[in-house]
Structure formats: structure tokens, C-alpha cells
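Peer 1: Heads up: the sequence shown is residues -1 to 54, going by the numbering used here.
Even glycine gets a Cβ: it sits at the ideal position worked out from N, Cα and C.
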Amino acid sequence: MKVSSMHAHPDPSKCRQFLLRSYLLTLSQLVSSLSFNPNPFELSEKTSNLSLSLQG
């Protein structure tokens, strides 16, 4: 019983670490793209995509 529940729900700290890492990676990509191409519309589009991916 305990083993199956552990398989169903992965370690929350690992999941949070993975989310944080992917968030930071996207953030750094966003900043680098901003430094090359300061386009406000593109920035807002990427930010909305990021928030959508974090929610879903």
C-alpha cells in the first residue's frame, strides 16, 4: 500500500526543485532574448506562456 502511494505521488521537494529549475531556465532565456531583442510584446507573450506552463 505504501509503495504504490509513493509511486503515485513523487517526492514533493524533487518536484518543486524541478519546477524551480525549469522556471529559472526559462527566466534566463527570457532575459537573454530581451538583451538581444527588447520587444515588449514578445516578452509578455513568453511570460504568459510561462505562467500557463506553471499552472498546467
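Kindly give me the distance between the Cβ atoms of lysine 12 and leucine 28, rounded to whole angstroms, as I take these residues to be in contact under 8 Å.
Peer 2: Not a contact, Cβ separation roughly 24 Å.
Peer 1: Who are the Cβ neighbours of glutamine 53 in its own chain at under 8 Å, not counting the five residues just before and after it?
Peer 2: Excluding residues within five positions, none has a Cβ falling inside 8 Å.
Peer 1: Checking 9 Å against the spacing of the C-beta atoms, do tyrosine 21 and leucine 48 come in under that value?
Peer 2: yes
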